[in-house]
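Report on one structure; see the data block that follows.
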Amino acid sequence: MNKEQLHELYAYSSDVEHALKRMQCAIEKPERTLIGLTGGPGSGKSTLANYLSSRMAEIQPGQMICLSMDGFHYSKKELSLFSNPEEAFSRRGAPWTFNSTAFIERLKRVKHGYQEEDVAWPSFDHQVGDPVENDCLISKDIKLVFVEGLYLLHQEDGWAGSTALFDQHWFLDVPLEIAIERLAQRHMQAWGYTHAQAISRIQNNDGLNAGIVAKSKSKADWIITI
Numbered sequence: 001m002n003k004e005q006l007h008e009l010y011a012y013s014s015d016v017e018h019a020l021k022r023m024q025c026a027i028e029k030p031e032r033t034l035i036g037l038t039g040g041p042g043s044g045k046s047t048l049a050n051y052l053s054s055r056m057a058e059i060q061p062g063q064m065i066c067l068s069m070d071g072f073h074y075s076k077k078e079l080s081l082f083s084n085p086e087e088a089f090s091r092r093g094a095p096w097t098f099n100s101t102a103f104i105e106r107l108k109r110v111k112h113g114y115q116e117e118d119v120a121w122p123s124f125d126h127q128v129g130d131p132v133e134n135d136c137l138i139s140k141d142i143k144l145v146f147v148e149g150l151y152l153l154h155q156e157d158g159w160a161g162s163t164a165l166f167d168q169h170w171f172l173d174v175p176l177e178i179a180i181e182r183l184a185q186r187h188m189q190a191w192g193y194t195h196a197q198a199i200s201r202i203q204n205n206d207g208l209n210a211g212i213v214a215k216s217k218s219k220a221d222w223i224i225t226i
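Final position of the sequence shown in full-length UniProt numbering is 226; the numbers increase by one with none missing.
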């Protein structure tokens, strides 16, 4: 299912409509609200987050920003300095290949920055394969900050401190076989892999990460199924 088909599916989803209502309620509060969207690799977090962001821009423009955890990947240069660089590169995307300390410190500034300061946020350049520091700017006037990422509910590898910074945690629950096939198609298009090669790569990295993320599902405030 491609992005256009997913957007069509979202348009008729009761969970998506409920998400939009929850977001509108958050914007009406006097303080800033942080909502985290977690889910495994290939679950469609980014696509759903972008869809919700575009819908909210129509409903209540200028009140929300959508961010990704991906900007806190360690750079390739940093990974090359790990004690086992080969493992670090092969497992890129695992919890310990992100700078969780930097993520938490930046998120604290976002949490407490409402009406106080604009906060810069990094993005991730998939063409280059590295973060882009200070690529996004969160205005001090933004009421709703929506963050999507794999490990927002993870309690190990330095991530535990991020959980309490969010006001709500949502988990996008997608059957593993669907997520794996989405990842396989993504790898085939991006790197020219055969289907078998893509599946092998997924089993050795994304599949392992999916298992880690699944363990955190019980900590979510709301499970989204689409």
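For each residue, glycine too, the CB sits at the ideal point set by N, CA and C.
In the three-state scheme derived from DSSP, where H, G and I count as helix and E and B as strand, Asp125 is classed as strand. The stretch 111-122 makes contact with the stretch 139-154, as at least three CB pairs between them are under 8 angstroms. Taking a contact to require three or more Cβ pairs closer than 8 angstroms, the stretch 14-22 and the stretch 40-52 qualify as touching. A Cβ-Cβ separation of about 11 angstroms leaves Leu150 out of contact with Gly36 under the 8 angstroms criterion.
Setting aside the 5 residues that flank it on each side, Asp167 is surrounded in the same chain by Thr33, Leu34 and Ile35, each with a C-beta closer than 7 angstroms to its C-beta; the list follows chain order. Taken atom to atom, the span from the alpha-carbon of Pro61 to that of Val110 is near 19 angstroms. The residues Thr97 and Asn205, in chain order, have a CB closer than 7 angstroms to that of Arg91 in the same chain once the five nearest residues on each side in sequence are set aside. Proximity to Phe124 across Leu144, Ser200 and Tyr74 peaks at Tyr74, based on C-alpha coordinates. The alpha-carbon of Ala210 is positioned some 16 angstroms away from that of Trp170. In this structure Leu9 is not in contact with Ile178, their Cβ atoms being roughly 12 angstroms apart against a cut-off of 8 angstroms.
Judged by DSSP in its simplified three-state form, Ser68 adopts strand. Straight through space, the alpha carbons of Gln203 and Gln197 are spaced by roughly 10 angstroms. For Pro131, the uninterrupted beta strand (DSSP E) run begins and ends at Asp130 to Ile138, by DSSP. Per DSSP, Trp191 lies in no beta strand (DSSP E) segment; the continuous alpha helix (DSSP H) that holds it begins and ends at Leu176 to Trp191. When secondary structure is reduced to three states using DSSP, His195 falls in the helix class. The beta carbon of Ala220 lies closer than 7 angstroms to those of Thr38, Leu153, His169, Trp170 and Phe171 in the same chain, with the five residues before and after it left out. Rounded to whole angstroms, the separation of the alpha carbons of Phe89 and Ser80 is 8 angstroms. Non-local beta-carbon contacts of Phe103 in its own chain, meaning distances under 7 angstroms to residues more than five positions away in sequence, involve Met69, Phe72 and Ser162 in chain order.
Around the beta carbon of His126, fewer than 16 other beta carbons sit within 10 angstroms, so the residue counts as exposed. Checking the DSSP bridge columns, you'll see Gly36 partnered with Val147 and His169. In this structure, Cys25 lies away from Phe146, with their beta-carbon atoms at least 9 angstroms apart.
Taking all protein chains in view, the Cβ of Asn99 is crowded by 16 or more other Cβ atoms within 10 Å, so the residue is classified as buried.
Scanning Tyr193, Glu31 and Val174 for the CA closest to the CA of Pro41 turns up Val174. Within the same chain, Tyr51 come within 7 angstroms of His7 by CB-CB distance, once the 5 residues on both sides are set aside.
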